[in-house]
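Asks: If you read the protein sequences in the order shown, they are chains A and B.
The opening position of the first sequence corresponds to residue 1 in the working numbering, with each subsequent residue numbered one higher.
The opening position of the second sequence corresponds to residue 253 in the working numbering, with each subsequent residue numbered one higher.
This structure is in structure tokens; I'll ask about it shortly.
2 protein chains.
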Amino acid sequence: MPYDPSAFPPFAVTVDLVVLTVRRHALCALAVRRGEPPFQGRWALPGGFVRADEDLTQAAARELAEETGLRAHDPAVPAQDNGAHLEQLATYGDPKRDPRMRVVSVAHLALAPDLPAPRAGGDASNARWAPVEELLQQGGYGRDGEPVAPLAFDHAQILADGVERARSKIEYSSLATAFCPPEFTVGELRRVYEAVWGVALDPRNFHRKVTGTPGFLVPTGGTTTRQGGRPAQLFRAGGATLLNPPMLRPEV
Amino acid sequence: MPYDPSAFPPFAVTVDLVVLTVRRHALCALAVRRGEPPFQGRWALPGGFVRADEDLTQAAARELAEETGLRAHDPAVPAQDNGAHLEQLATYGDPKRDPRMRVVSVAHLALAPDLPAPRAGGDASNARWAPVEELLQQGGYGRDGEPVAPLAFDHAQILADGVERARSKIEYSSLATAFCPPEFTVGELRRVYEAVWGVALDPRNFHRKVTGTPGFLVPTGGTTTRQGGRPAQLFRAGGATLLNPPMLRPEV
DNA sequence: ATCATAGTCGTCTGCCTGACGATAAACACT
DNA sequence: AGTGTTTATCGTCAGGCAGACGACTATGAT
């Protein structure tokens, strides 16, 4: 099968981003409002075209920086204290997913600590953090009473896949720390797990588990009382990336 | 950011396949010999262009059928007794991965039972099952004494990613049964795990574990002695797709 | 001073796993 | 027919880990 330039159809290739964070005990995703058709005025995942000289990961990192100001974590530098975790999620290429032309989208998943307000070209009303349940529910009404329209394109599916990836990946990796600030307490980490999984965890067993897993947490020596109650030790993420044995997600 | 057709570069989109099977106690992958430049004469993963009206999964299933005659498993029909497991693996889009033009390849992973000979356009010398270690080793000499050239393009990386996916996925899913014929014994399933992981497992503990996991195996009532020794019960894959608790891969 | 809140340390029990002995049922020899 | 070899299958036991939960500690709020 020779590579005849006329033998293959041209595609547009984009990256779409599932950017997740934990705000007010809820797992939230970044959504941007579409300014032009199709799906004008509807919420969508941030994304854009891959440039001619760009790797897919570079394109995703560039879009992430444009939308949030976050730098992507360099996987070669663990325990970096700024920047978000970024990884490829999956690729979506249904011929009809974009009504205008053939677009293949390489979706990426980014995990970030709680951030200030999002920005999308400086216009705050065109970008927001929304709880993932709200973005994924079909129809109905959101918390503000406004009717909820489904996400544009196949972005509901992409978001659902990204959420599922995050939920399963914090089981066997230290990725939950990507939702935390550089220094955090065991309780803050536990609230991340509770928000992502949507369950309540026993604080005592959770404490025993995470402090007993070698390389997961490194004490910094400091303490904080920002959550109220007894001061809690502060930790940084340790060098371990894979947790063995894993954290166990409680049964449904 | 409007969709100006002149605002994005055109890409070629291909699917590449990591087709794995277990032959003679070794994890093997399907490789095809390239008939034209670049990398003419070198081994590569099977693959081809995505057509204009095709979904990515359809394209992968079509290539799989062309190369092996296998029909892909329909995920909606569990416990299907013919066809291979097929899932998307990852997407590779380095600007220089193909020296001729910008190609984005959506790699897929297929798992199949031991098959007769592969076919590639009817020419058997242009397709073969090779142990993955042989395909992944850089330089050196293969079992037949011929010098081993690395796989074409970035296919060594793709193959390595596919093998790693398979190794981890049989831990927590029933996917190892995809390497087995429709009816199989516990010993045959154990040899799949041993080949994929490259370890030896205790037959007694393995038997206890897999027969004690609800929904993993369903006895068919028959027995076989094709492995020699005492006749073994035959099983089919049960409805369970996720194993909880998972199979544990022994430490390095 | 008392209460509420959150963090931390222990205990106990049940389940799962790894290590390994023992038995069973076939085949290949002699 | 007997003996050895191979593979399958059942059982036992000890160690480790997780869930349930009691107890104590250290802060701020009333």
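All C-beta atoms, glycine included, are put in the ideal place defined by N, C-alpha and C.
Answer yes if the segment 102-117 of chain A comes into contact with the segment 7-23 of chain A, meaning at least three C-beta pairs across the two stretches below 8 angstroms, and no otherwise.
Replies: Flag = yes, the segment 7-23 of chain A and the segment 102-117 of chain A touch.
Asks: Mind pulling the chain A residues with CB within less than 8 angstroms of P262(B)?
Replies: Residues of chain A passing the Cβ test: P10, F11, A12.
Asks: With H, G and I counted as helix, E and B as strand and the rest as coil, what does DSSP make of D307(B)?
Replies: Correct three-state label for D307(B): coil.
Asks: Would you call the CB atoms of L234(A) and E188(A) closer than 7 angstroms?
Replies: No; because the gap between Cβ atoms is not below 7 angstroms, this pair is not in contact.
Asks: On the DSSP letters alone, give me the boundaries of the beta strand (DSSP E) that L338(B) sits inside.
Replies: Counting along the chain, the beta strand (DSSP E) containing L338(B) begins and ends at 337-344.
Asks: Which residue from V271(B), Y393(B), L308(B) puts its Cα closest to that of E416(B)?
Replies: That would be V271(B), whose Cα lies nearest to the Cα of E416(B).
Asks: Look up P163(A) in the DSSP assignment and say whether it is helix, strand or coil.
Replies: Residue 163(A) is actually Val in this sequence, not Pro. Here V163(A) sits in helix by DSSP.
Asks: May I ask you to report which of helix, strand or coil DSSP gives V18(A)?
Replies: Of the three classes helix, strand and coil, the one that applies to V18(A) here is strand, per DSSP.
Asks: Work out the CA separation of G41(A) and F260(B) for me, nearest whole Å.
Replies: Roughly 23 angstroms between the two C-alpha positions.
Asks: Within 7 angstroms of any Cβ in chain A, is that where the Cβ of F301(B) sits?
Replies: Chain A, which has a Cβ nearer than 7 angstroms to the Cβ of F301(B), makes this yes.
Asks: So what does DSSP say about P261(B), is it helix, strand or coil?
Replies: In the structure shown, P261(B) sits in coil (DSSP, three-state: anything other than H, G, I, E or B).
Asks: Going by DSSP, what residues sit across from F206(A) in a beta bridge?
Replies: For F206(A), which the question treats as bridged, DSSP gives no partner whatsoever.
Asks: Return the CA-CA distance between V438(B) and H277(B), expressed in angstroms with no decimal places.
Replies: Taking the straight line joining both Cα atoms gives about 15 angstroms.
Asks: With a threshold of 7 angstroms between beta carbons, is Q340(B) in contact with chain A?
Replies: Taking Cβ atoms only, chain A reaches closer than 7 angstroms to Q340(B), which makes this a yes.
Asks: For chain A, is any of its Cβ atoms less than 7 angstroms away from the one on G345(B)?
Replies: Judged by the 7 angstroms Cβ criterion, G345(B) is in contact with chain A.
Asks: May I ask you to list, following chain order, the residues of the segment 303-318 of chain B that have a beta carbon less than 8 angstroms from some beta carbon of chain A?
Replies: Hits within the stretch, in order: R303, A304, D305, E306, D307, L308.
Asks: Taking 8 angstroms as the limit between beta carbons, can you name the residues of its chain near E446(B), skipping five residues before and five after?
Replies: If we look at E446(B) and ignore the five residues flanking it on each side, its Cβ neighbours are H277, A452, L453.
Asks: Residues bridged to Y141(A) by DSSP?
Replies: DSSP output for Y141(A) lists P147(A) as bridge partner(s).
Asks: Beta carbon of G83(A), beta carbon of E63(A): below 7 angstroms?
Replies: For G83(A) and E63(A), no; Cβs fall outside 7 angstroms.
Asks: Which one or two residues does DSSP pair with L363(B) in a beta bridge?
Replies: L272(B), H337(B).
Asks: Quick one: which chain B residues come within Cβ less than 9 angstroms of V104(A)?
Replies: Neighbours of V104(A) on chain B, chain order: F263, V265, V302, L308, T343, V356, V358.
Asks: Could you spell out the range, first to last residue, of the alpha helix (DSSP H) harbouring A447(B)?
Replies: Start and end: 438-449.
Asks: Counting along the chain, where does the alpha helix (DSSP H) carrying L135(A) start and finish?
Replies: Start and end: 132-136.
Asks: So, with DSSP's three-state summary, where would you put L500(B)?
Replies: The answer is coil: DSSP assigns L500(B) none of H, G, I, E or B.
Asks: Could you round the C-beta distance between A240(A) and P214(A) to whole angstroms and report it? I think they count as a contact, below 8 angstroms.
Replies: That pair is a contact at about 7 angstroms.
Asks: For P433(B), which residues of its own chain have a beta-carbon under 6 angstroms away from its beta-carbon, when the five flanking residues on both sides are left out?
Replies: Cβ within range, chain order: P365.
Asks: Rounded to whole angstroms, what's the CA-CA distance from L159(A) to T476(B)? Just pull it up for me.
Replies: Near 47 angstroms, if we compare the C-alpha coordinates of T476(B) and L159(A).
Asks: Rounded to whole angstroms, what's the CA-CA distance from E503(B) to S420(B)? Just pull it up for me.
Replies: Answer to the nearest angstrom: the Cα atoms are 13 angstroms apart.
Asks: Give me the Cα-Cα distance between V148(A) and W43(A), rounded to the nearest whole angstrom.
Replies: Spanning the two alpha carbons is a distance of roughly 10 angstroms.
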